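Last residue of the sequence shown: 370 (our numbering), numbering continuous. These notes are about the structure you will find just below.
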Amino acid sequence: MQVRLFKPIVRPEAITAVTEVMRSGWLGMGPRVAEFEQAFAAYLGVRQAVALNTCTSALHLALLLLNAPAGGEVITTPNTFVATNQAILWAGLKPVFADIDATTGNLDPKCVKASLSERTVAIMTMHFGGNPCDLEGLRDVAGKTPIIEDCAHACGASYLGKRIGASGNMCAFSFGATKNLTTGDGGMLIVPSEAQTGVARQMRYLGLSKDTFRRVSDSGGTRPHWEYEVENAGLRYHMNDLAGALGVEQLKHLDVDNARRGEIAALYRSRLQRVGGVKLLRETPESVSSHYLFCILVEERDALAAALMSRGIVVGVHYQPNKHYGLFDRVELPQAEEFYRRELSLPMHLGLTEEDVMSVCDAIEKGW
3 MQVRLFKPIV RPEAITAVTE VMRSGWLGMG PRVAEFEQAF AAYLGVRQAV
53 ALNTCTSALH LALLLLNAPA GGEVITTPNT FVATNQAILW AGLKPVFADI
103 DATTGNLDPK CVKASLSERT VAIMTMHFGG NPCDLEGLRD VAGKTPIIED
153 CAHACGASYL GKRIGASGNM CAFSFGATKN LTTGDGGMLI VPSEAQTGVA
203 RQMRYLGLSK DTFRRVSDSG GTRPHWEYEV ENAGLRYHMN DLAGALGVEQ
253 LKHLDVDNAR RGEIAALYRS RLQRVGGVKL LRETPESVSS HYLFCILVEE
303 RDALAAALMS RGIVVGVHYQ PNKHYGLFDR VELPQAEEFY RRELSLPMHL
353 GLTEEDVMSV CDAIEKGW
């Protein structure tokens with residue numbers, strides 16, 4: 003028997019909703035995308051949301067909305083999927099890595115403060131594993147420097163009583179294949195400014211003044227539907243109605259699903275906190291995690307990973323510090339290196355039973 007690391011769950015009503023779109027004759031960006039945007043904004047308690055094809059696209063657009071000078075520096079985390087920091091490069095900006103807090107995997111505000119300079123145009127943070135970062139600490143050191151949140155792991159998480167995404171920062175969400183809310187692939191951008199939200203909507207579809215669905219649906223317009231304005235260059239980053247329909251249905255169950263993830267995490271914690279040599283990541287009382295990942299820290303991580311894999315338990319490592327890649331500057335980040343050396347991600351998904359979790363814990367307790 004194999005215990006998978008991730009396993010997406012798509013309910014029958016979501017399959018029905020996607021099938022209805024396929025039969026509707028309209029597959030591109032249209033009414034289901036708009037419905038998903040409205041539902042997601044309402045869920046977060048914000049005014050507007052912009053649906054996109056990936057979280058990477060959302061991060062890229064957020065950075066472009068800064069209108070920062072080429073070569074400006076973005077202080078960022080090394081402990082993330084490489085998409086976070088590639089978005090900085092694609093925006094013509096320079097990633098500057100700050101070290102992390104090795105007890106959480108999130109950016110350490112003290113290290114961010116030490117990295118600030120007159121060239122800094124933004125701070126890019128992420129909520130590792132779904133556990134919200136120290137946003138208050140980052141605000142204190144940021145001053146007027148904009149903060150962009152990579153919320154790829156944190157859909158449904160909260161910080162100081164507010165949902166992640168409702169902080170007033172620009173925020174990017176992922177609906178990738180393994181995420182708590184999946185549309186197969188997809189993303190959402192939250193922009194506090196209404197004017198900038200409008201710019202993001204145009205930029206996501208090649209700068210067109212109206213997308214195709216709005217043009218063909220607007221029978222009362224003064225211009226034929228094939229005419230539109232393009233004043234600024236844009237990108238092809240929009241979501242389609244297949245993903246939108248799936249997102250609407252998945253969102254209805256997000257809180258229940260995250261609560262179940264929390265139960266699974268509690269099972270892991272109650273058992274593994276008694277196992278010698280295993281350290282659990284710190285969760286703060288002001289935060290509620292989405293539990294996208296469940297991570298432990300151990301010595302001889304690779305040996306344990308091999309032992310678990312040999313028993314049919316699939317594990318992962320999140321992440322190789324991005325400074326290891328040839329794209330980026332190699333800088334000294336001792337906490338990120340220590341975290342990477344010891345971090346192991348255990349199976350975490352809605353398909354896990356209590357028996358599965360206990361089997362994983364038994365295998366860890368037996369040693370390697």
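For glycine and all other residues, C-beta sits at the position ideal for the given N, C-alpha and C. Note that the coordinates shown come from a computational prediction; the quantities given were computed from them, not determined experimentally.
*Please go through the segment 249–306 and give each complete alpha helix (DSSP H) segment of 4 or more residues, from N-terminal end onward.*
Counting whole runs of 4 or more residues, the segment 249–306 contains the alpha helix (DSSP H) stretches 256–274.
*For S189, the first and last residue of its enclosing beta strand (DSSP E)*: A quick correction: the sequence has Gly, not Ser, at residue 189. Element bounds for G189: G189 to I192.
_Check whether the segment 40–53 and the segment 184–201 touch, using three or more Cβ-Cβ pairs below 8 Å as the test._
The segment 40–53, when compared against the segment 184–201, does touch it at the 8 Å Cβ threshold.
*Can you tell me which of T79, G188, T127 and I102 puts its alpha carbon nearest to the alpha carbon of T56?*
Among T79, G188, T127 and I102, the Cα nearest to that of T56 is on G188.
_Threshold first: 4 residues or longer. Then list the alpha helix (DSSP H) segments lying entirely within the segment 165–210, N to C._
Correct list: 196–205.
*asked:* Suppose only complete runs of 3+ residues qualify. What are the beta strand (DSSP E) ranges in the segment 64–144, listed by chain order?
replied: 75–78, 96–99 and 122–128, all fully within the segment 64–144.
*asked:* I'd like the span of the beta strand (DSSP E) that includes I150, first residue to last.
replied: Its beta strand (DSSP E) spans residues I149 to D152.
*E233 - DSSP class collapsed to helix/strand/coil*: In this structure, E233 counts as coil in the three-state DSSP scheme.
*CB contact flag (L91, D243, <7 Å)*: No. Outside cutoff.
_Inter-residue Cα distance where the pair is V317 and L299_ = Approximately 13 Å between the Cα atoms of the pair.
*asked:* Would you call the segment 71–82 in contact with the segment 106–119, where contact means no fewer than 3 C-beta pairs closer than 8 Å?
replied: Flag = yes, the segment 71–82 and the segment 106–119 touch.
_For G246, count the other beta carbons within 10 Å of its own beta carbon; 16 or more makes it buried, fewer makes it exposed. Which is it?_
With 16 or more other Cβ atoms within 10 Å, it is buried.
*Are N182 and S292 close, meaning C-beta to C-beta below 7 Å?*
Going by C-beta atoms, N182 is nearer than 7 Å to S292.
*Pick from F330, I150, I149 and I166: whose alpha carbon is nearest that of C157?*
Comparing Cα positions, the closest option is I166.
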